[in-house]
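J.: Handing you this structure, nothing more for now.
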Amino acid sequence: MSGGHRCKASGMTHVEWPAIKQRPCAPATPPVGREEPELGHTHTRAQSGRQAAMALLSCPRRHPSISHLIFFSVYLLFATILPILDGLALGGDGLYREILRDETVLRLKELGKISDGEGYLERTFLSPASIRATDVIISWMKDAGLTTWVDQMGNIHGRFESANSTKDALLIGSHMDTVIDAGMYDGSLGIICAISALKVLKVTGKLQRLTRPVEVIAFSDEEGVRFQTTFLGSAAVAGTLPESILQVSDKSGTTVQDVLKLNSFEATSASLGQVKYSPESVGSYVEVHIEQGPVLEALHYPLGVVKGIAGQTRLKVIVDGSQGHAGTVPMKLRRDPMVAAAELVLTLERLCKEPNKFLTYDEECGCFTEESLAGLVCTVGELLTWPSASNVIPGQVIKLRSIPHQVRCWCGHVS
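When we follow UniProt numbering, the leftmost residue of the sequence shown carries the number 1, and every step to the right adds one.
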């Protein structure tokens, strides 16, 4: 991550990194809509990738600005592109700042305004805002010299192949969908940084020197907000999307198949199969992403390298009770499902904070289960009651909860 000097014996060459400006500490993720302050006047010049990284990482009590981090994030992609590029001698700090920082920030703000919500960012799978965003992203990909298309799951692809390219491609990208009331950087950062990195190669005449195909993918669905089914876009590319997914419906009763057909996709098992990439066609995949939490910021680290990925289990829980009048049913005769649901929420919180109190062990267990559950978290993201009236004891409570955890070996059972 920090190396700018590359060994020529491995087919990689020295890279000159432009100046990086530093300024006093700024919030790592300012609220959407707040203008990013201009970079300060004091700066240090970094002549290599190692120096550039140290300029970011050596000062633990101050944070670089968002613009600063975006600027450096695009450079991280060059570390991935370098092995498949026959030399990289890009010149001109002005060019770097114009494309890698200034234009990237402007595009992030532009994409952040494409929303189905009024006053907040919401862009779910194949929603009207998603379709508008598709046209914008395609125009940016073409501007970077990429050949573009949209597959049968709504994923946007931008690809470049030189005459001497090998068969296996480097894939770069992220997701274009968002949660409700999202931040503008989630997903969009990985897409736009990738496009910006390739645009620099195009502008400097180096794109033709790539020795491997490079493809940017903007996945149509990762969050799973609309259909409560995550990774529709990438699962289709990986070939792991079940045919039954077509019949899953959103809250309005519209199925995945319905929304695909509404947007002129075939929406059949055969069309989903066409999206799959063969393992032989993909050499590697890289993604730049914001931190979705406060850990790096709390440690005063502006950047981190992902070593594990959070797996997620989503559950829909229905708690039944006895519906009654809120003012006339005595407490001792009530079967209030809201109370039971509240107790369950608190139990789940205790489970994540103190897993050792909830574990039973197999005879064959040979590892530390408490350690394997150390990163377990749980969120109850939605709670619905019926009939949802202030003077009625609910007869039923529906909870949607997710249990993300880092993928590792588990020994034991949560009881």
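Beta carbons: idealized from backbone N, C-alpha and C, even for Gly.
Which residue's Cα is closest to the Cα of Leu232: Val317, Leu333, Asp151?
T.: Asp151
J.: Between the C-alpha atoms of Glu103 and Arg159, what's the straight-line distance to the nearest angstrom?
T.: 21 Å
J.: Please determine if the segment 260-279 and the segment 138-155 are in contact, where contact requires at least 3 C-beta pairs separated by less than 8 Å.
T.: yes
J.: Run through DSSP, which three-state label would Glu215 get?
T.: Strand, per DSSP.
J.: Could you check which residue in Pro387, Thr313, Glu110 has the C-alpha nearest to that of Val377?
T.: Thr313
J.: Which same chain residues end up closer than 6 Å to Glu243 when comparing Cβ atoms and leaving out the 5 residues on each side of it in sequence?
T.: Cβ contact annotation for Glu243 (same chain, cutoff 6 Å, sequence separation greater than five): Ser269, in chain order.
J.: Is it true that the segment 202-219 meets the segment 109-127, where meeting means three or more beta-carbon pairs spaced less than 8 Å apart?
T.: With the cut-off at 8 Å, the segment 202-219 and the segment 109-127 do not touch.
J.: Might you give, ordered along the chain, the residues of its own chain that have their beta carbon closer than 6 Å to the beta carbon of Glu223, omitting 5 neighbours on each side?
T.: Asp177, Val179
J.: Quick check: what's the CA-CA separation for Leu373 versus Lys353?
T.: 10 Å
J.: I need the boundaries of the beta strand (DSSP E) containing Gln274, first residue and last residue.
T.: Segment 269-275 is the alpha helix (DSSP H) holding Gln274; no beta strand (DSSP E) there.
J.: Are the CB atoms of Val319 and Pro337 within a distance shorter than 9 Å?
T.: yes
J.: Go to Ala144, then tell me how far its beta strand (DSSP E) extends in each direction, as first and last residue.
T.: Taken as a continuous stretch (DSSP letters only), Ala144 belongs to no beta strand (DSSP E), as it is neither H nor E.
J.: For Asp135, count the other beta carbons within 10 Å of its own beta carbon; 16 or more makes it buried, fewer makes it exposed. Which is it?
T.: exposed
J.: Smallest Cα separation from Ser278: which of Gln292, Gly253, Ala236?
T.: Ala236
J.: Per DSSP, what kind of secondary structure is Ala52 in: helix, strand or coil?
T.: Because Ala52 carries a pLDDT of 42, less than 50, the predicted location of this residue cannot be relied on, and no value is offered for it.
J.: Go ahead and pull the three-state DSSP assignment for Gly381.
T.: Note: Gly381 maps to strand in three-state DSSP.
J.: Thinking C-alpha only, which one of Ser220, Ala326, Gln208, Asp250 is nearest Gln228?
T.: Asp250
J.: On the three-state DSSP scale, how would you describe Gly324?
T.: Residue state, collapsed to three classes: strand.
J.: If you drop the 5 nearest sequence neighbours on each side, which residues of the same chain put their C-beta closer than 8 Å to that of Arg123?
T.: Ile114, Ser115, Asp116, Ala129, Ser130, Ala133, Met176, Asp177, Thr178, Ala182
J.: Considering only the beta carbon of each residue, do Lys316 and Ile195 sit closer than 9 Å?
T.: no
J.: Give the DSSP bridge partners of Gly239, in chain order.
T.: Its beta-bridge partners do not exist; DSSP assigns none.
J.: Drop a sphere of 10 angstroms on the beta-carbon of His325, count the other beta-carbons inside from all chains shown, and report buried for 16 or more, exposed for fewer.
T.: exposed
J.: For Glu147, collect the residues of the same chain with a Cβ closer than 6 Å to its Cβ; drop the 5 residues on either side in sequence, then sort them by chain order.
T.: The sequence shown places Thr at residue 147, rather than the Glu named in the question. Arg159.
J.: Start and end of the alpha helix (DSSP H) containing Ser174?
T.: Not the alpha helix (DSSP H): Ser174 falls in the beta strand (DSSP E), residues 169-175.
J.: Just to confirm the assignment, what range does the alpha helix (DSSP H) spanning Asp191 have?
T.: One point to set straight first is that residue 191 is Ile, not Asp, in the sequence displayed. Unbroken alpha helix (DSSP H) run through Ile191: 188-203.
J.: Find out if the Cβ-Cβ distance for the pair Ser174, Glu291 is shorter than 9 Å.
T.: no
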